[in-house]
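Participant: Chains as they are written, first to last, in the working numbering: chain A, 6 to 236; chain B, 6 to 236.
After the structure tokens below, expect a handful of questions from me.
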DNA sequence: ATCGCCTCAAAGATATGACGTATTCAAGTG
DNA sequence: CACTTGAATACGTCATATCTTTGAGGCGAT
């Protein structure tokens, strides 16, 4: 998942600093300064900067330096950018954006999954729904989080749409972030749990409309709760 | 938009070759071979490869080489990857994926726009809806395409969600691709045009439900038409 | 005083040689 | 046959040299 080697380490410090806004839009970095700051060679700095350039976080121009691009140009769907922003000061805004994205995508994915899921997918989905219920009843939040992430990722994957499928990790990051943010509340809401089972049953039974409706209830609920927390 | 310099030129050839499947998953490239093939130095090849690595199209391992990653790992939301796939053999699959994504996202964006759009947004949206109608009536497909792209991009931007906003260019690429694919059909459907005006009016009037419904009709219609064309 | 051109220097872009290091594959050994 | 070991390989990193672009300041003419 991570970028390897020294450029990766440069990236791990520079990326979050830019994505969080600590290094503001319009700021200019000099390659030579970065060499000194990280104690690495030109080669390494250049490769790290190239990757940031690929994400449109920075642009490099002769005679000027490496300038941080305006946020509106960033590749906000890049998993690394999302992770960096979730870890920094932009976290509330990023959670809100992702919340709306989930509301848009996950119901559609659930509907598609009802007709596209393989038999294995359906079996695993049922199984996950059961384990989810058990973990919730036992108030085992860590285990619950794991199953919840797996559940949503599976629905996205089972939709048969590769773009939806790739949002699985991102949704996982949101759920993790949310659990951390709430500082581990007592217990997942029983109603939300029942909805997860409903989604699983509807997908297994091929009922697209029902799957979509139940999933929409889940994600809109999550978004409302999020907005309450963030205000 | 493009990556500058020699790495950019390497990327322009290597990226499409990988994204289109011409260089298949699992294939191994050697840095030294690439130097010869493109007539550039190690530096340049390495930087280009780093960018591809950032998109998860390839992974570089010692003693092995640069291996093309399985498609399931690609950053399918990266605008460059999308463009490359739309230009190559993967075009039908990419259009289908994007079609479903549009169905999920654009209605949600329209609903949000109804409450989040600025006055300027609303004015411009109305104006675009009118110009769209005129261009359609005159069967001026090129002009129509331009306004259509601007219309959908504006709705996405006016939603106030940065992630939705960033799909504007992608949707534009889809619309362009669709127009090219159809080899310029006679005339945009009058019904679809009326729906665009409905979306604009609903957003201007703050009617989120109506905007969402009309937009959903537009994008589901586009998806159905696309599926007809691709079968 | 303003405009335009010219020169120079700053900073990235590219090329190249040298060396480091992980990884694979195969030969060798018990 | 399993395990160890060593050498070959291809990427990783560093250092240096040179090229290219471009911004800023100076200079002169109008």
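Note that beta-carbon positions come from the ideal geometry of N, C-alpha and C, so glycine has one too.
Take residue 46 of chain B and list the residues in its own chain whose beta-carbon comes closer than 7 Å to its own, dropping the five residues that flank it on each side.
Facilitator: Counting from 1 along the second chain, the entry for residue 46 of chain B is found at position 41. The residues are 40.
Participant: Applying a beta-carbon distance threshold of less than 9 Å, which residues of chain A neighbour residue 50 of chain B?
Facilitator: Numbered from its first residue, the second chain carries residue 50 of chain B at position 45. Simply none; closest approach about 11 Å.
Participant: Would you check if the stretch 127-144 of chain B and the stretch 191-207 of chain B touch, i.e. whether three or more CB-CB distances between them fall below 8 Å?
Facilitator: With a cut-off of 8 Å, the stretch 127-144 of chain B and the stretch 191-207 of chain B count as touching, because enough Cβ pairs lie within range.
Participant: Could you tell me whether the Cβ of residue 25 of chain A comes closer than 8 Å to any Cβ of chain B?
Facilitator: Locating residue 25 of chain A in the first chain gives position 20, where the first residue counts as 1. Not closer than 8 Å to any Cβ of chain B, the Cβ of residue 25 of chain A fails to qualify, so no.
Participant: Under a three-way DSSP split, which group does residue 69 of chain B fall into?
Facilitator: For the purposes of this step, residue 69 of chain B is taken as the residue at position 64 of the second chain. Residue state, collapsed to three classes: coil.
Participant: If you follow the alpha helix (DSSP H) that residue 20 of chain A is part of, which residue opens it and which one closes it?
Facilitator: Taking the first residue of the first chain as 1, we reach residue 20 of chain A at position 15. 10-24 is the extent of the alpha helix (DSSP H) around residue 20 of chain A.
Participant: Could you give the first and the last residue of the continuous alpha helix (DSSP H) run that contains residue 124 of chain B?
Facilitator: By 1-based counting over the second chain, the position of residue 124 of chain B is 119. It spans 124-142 - the alpha helix (DSSP H) in which residue 124 of chain B sits, taken as one unbroken run.
Participant: Let me see if you follow: with CB-CB separation under 8 Å, is residue 37 of chain A close to chain B or not?
Facilitator: Counting from 1 along the first chain, the entry for residue 37 of chain A is found at position 32. Not closer than 8 Å to any Cβ of chain B, the Cβ of residue 37 of chain A fails to qualify, so no.
Participant: When the Cβ atoms of the stretch 15-30 of chain B are set against those of the stretch 93-110 of chain B, are three or more pairs found closer than 8 Å?
Facilitator: Yes, the stretch 15-30 of chain B touches the stretch 93-110 of chain B.
Participant: Between residue 30 of chain B and chain A, is any beta-carbon pair separated by less than 8 Å?
Facilitator: Translated into the one-based positions of the second chain, residue 30 of chain B becomes position 25. Closer than 8 Å: no.
Participant: Using a Cβ-Cβ cut-off of less than 7 Å, give me the residues of the stretch 62-83 of chain B that come near chain A, in sequence order.
Facilitator: Of all residues in the stretch 62-83 of chain B, 80, 81, 82 and 83 have a Cβ within less than 7 Å of some Cβ in chain A.
Participant: Please state the DSSP three-state secondary structure of residue 146 of chain A.
Facilitator: One-based indexing of the first chain puts residue 146 of chain A at position 141. In this structure, residue 146 of chain A counts as helix in the three-state DSSP scheme.
Participant: Using C-beta distances below 6 Å, list every residue in its chain close to residue 179 of chain B, excluding the 5 sequence neighbours before and after it, in chain order.
Facilitator: Position 174 of the second chain, counting from 1, holds the residue named residue 179 of chain B. Answer for residue 179 of chain B: 103, listed in chain order.
Participant: So what does DSSP say about residue 34 of chain A, is it helix, strand or coil?
Facilitator: Position 29 of the first chain, counting from 1, holds the residue named residue 34 of chain A. Looking at residue 34 of chain A - three-state DSSP - the assignment turns out to be strand.
Participant: So which of A:79, A:63 and A:81 has the shortest CA-CA distance to residue 73 of chain A?
Facilitator: Here residue 73 of chain A corresponds to residue number 68 of the first chain, with the count starting at 1. Residue 73 of chain A has its Cα closest to that of A:63, out of A:79, A:63 and A:81.
Participant: Looking only at its own chain, which residues have a Cβ that is under 7 Å from the Cβ of residue 206 of chain A, when we skip the five neighbours before and after it?
Facilitator: Numbered from 1 along the first chain, position 201 holds the residue referred to as residue 206 of chain A. Around residue 206 of chain A: no qualifying Cβ.
Participant: Exposed or buried, residue 118 of chain A, counting other C-beta atoms within 10 Å across all chains shown (16 or more means buried)?
Facilitator: Here the question's residue 118 of chain A lines up with position 113 in the first chain. Classification of residue 118 of chain A: buried, given that the 10 Å Cβ count is 16 or more.
Participant: Mark residue 38 of chain B as exposed unless 16 or more other C-beta atoms lie within 10 angstroms of its C-beta, in which case mark it buried.
Facilitator: By one-based count along the second chain, residue 38 of chain B stands at place 33. Counting Cβ neighbours within 10 Å, residue 38 of chain B comes out exposed, since fewer than 16 surround it.
Participant: I want to verify the contact list: residues of chain A whose CB lies under 8 Å from the CB of residue 60 of chain B, in sequence order.
Facilitator: Locating residue 60 of chain B in the second chain gives position 55, where the first residue counts as 1. Per Cβ cutoff of 8 Å: 59.
Participant: For residue 215 of chain A, which residues in the same chain have their Cβ closer than 6 Å to its Cβ, ignoring the five residues on either side in sequence?
Facilitator: The sequence position of residue 215 of chain A within the first chain is 210, counting from 1. 207.
Participant: Residues of chain B with CB closer than 8 Å to the CB of residue 113 of chain A, please, in chain order.
Facilitator: Within the first chain, the letter at position 108 stands for residue 113 of chain A. Residues of chain B passing the Cβ test: 105, 108 and 109.
Participant: Assuming residue 176 of chain A and residue 107 of chain A make a contact with CB atoms under 8 Å, what is their CB distance in whole Å?
Facilitator: To locate residue 176 of chain A, count along the first chain from 1; it is residue 171. To locate residue 107 of chain A, count along the first chain from 1; it is residue 102. Yes, residue 176 of chain A and residue 107 of chain A are in contact; Cβ-Cβ is about 6 Å, under 8 Å.
Participant: Considering residue 259 of chain B, what are the terminal residues of the alpha helix (DSSP H) in which it resides?
Facilitator: Look at the range of chain B in this structure, 6 to 236, and you will see that residue 259 of chain B is not part of it.
Participant: For residue 64 of chain B, write down the residues that DSSP places opposite it in a beta bridge.
Facilitator: The residue you call residue 64 of chain B lines up with position 59 of the second chain. DSSP lists B:72 as partners of residue 64 of chain B.
Participant: Just the Cα atoms here: how many angstroms apart are residue 57 of chain B and residue 92 of chain A?
Facilitator: Start at 1 with the first residue of the second chain, and residue 57 of chain B comes out as number 52. Start at 1 with the first residue of the first chain, and residue 92 of chain A comes out as number 87. Spanning the two alpha carbons is a distance of roughly 25 Å.
Participant: Chain A partners of residue 117 of chain B, CB-CB under 8 Å?
Facilitator: The count along the second chain starts at 1 and reaches residue 117 of chain B at position 112. In chain order: 105.
Participant: Run the CB neighbour count on residue 130 of chain B, radius 10 Å, all protein chains shown included, and call it buried at 16 or more, exposed below.
Facilitator: Counting from 1 along the second chain, the entry for residue 130 of chain B is found at position 125. Buried, because 16 or more other Cβ atoms sit within 10 Å of the Cβ of residue 130 of chain B.
Participant: Need the endpoints of the alpha helix (DSSP H) that residue 227 of chain B sits in, please.
Facilitator: Against the second chain, residue 227 of chain B aligns to sequence position 222. From DSSP, the alpha helix (DSSP H) with residue 227 of chain B extends over 213-235.
Participant: Can you give the Cα-Cα distance for residue 134 of chain A and residue 147 of chain A, rounded to whole angstroms?
Facilitator: Along the first chain, read from residue 1 onward, the residue named residue 134 of chain A stands at position 129. Along the first chain, read from residue 1 onward, the residue named residue 147 of chain A stands at position 142. Taking the straight line joining both Cα atoms gives about 16 Å.
Participant: Just the chain B side, please: which residues come within less than 7 Å of residue 167 of chain A by C-beta, in chain order?
Facilitator: Taking the first residue of the first chain as 1, we reach residue 167 of chain A at position 162. Within 7 Å Cβ-Cβ: 81 and 102.
Participant: Is the beta carbon of residue 33 of chain A less than 8 Å from the beta carbon of residue 69 of chain A?
Facilitator: Reading the first chain from its first residue, position 28 is the one you call residue 33 of chain A. Reading the first chain from its first residue, position 64 is the one you call residue 69 of chain A. The answer is yes: Cβ separation under 8 Å.
Participant: From residue 59 of chain B to residue 10 of chain B, what does the alpha carbon distance come to, in whole angstroms?
Facilitator: Reading the second chain from its first residue, position 54 is the one you call residue 59 of chain B. Reading the second chain from its first residue, position 5 is the one you call residue 10 of chain B. Computed Cα separation, rounded: 18 Å.
Participant: With distance defined between alpha-carbon atoms, name the residue in B:112, B:209, B:164 and B:234 nearest to residue 225 of chain B.
Facilitator: For the purposes of this step, residue 225 of chain B is taken as the residue at position 220 of the second chain. Nearest of B:112, B:209, B:164 and B:234 to residue 225 of chain B, Cα basis: B:112.
Participant: What's the gap between the Cα of residue 43 of chain A and the Cα of residue 77 of chain A?
Facilitator: Counting from one through the first chain, the residue named residue 43 of chain A turns up at place 38. Counting from one through the first chain, the residue named residue 77 of chain A turns up at place 72. The straight-line gap from Cα to Cα measures roughly 28 Å.
Participant: Would residue 56 of chain B count as contacting chain A if we go by Cβ distances under 8 Å?
Facilitator: Position 51 of the second chain, counting from 1, holds the residue named residue 56 of chain B. Output row for residue 56 of chain B: interface = yes.
Participant: Quick check on the DSSP output: the alpha helix (DSSP H) that includes residue 174 of chain B runs from which residue to which?
Facilitator: Counted from its first residue, the second chain places residue 174 of chain B at position 169. 173-186 is the extent of the alpha helix (DSSP H) around residue 174 of chain B.
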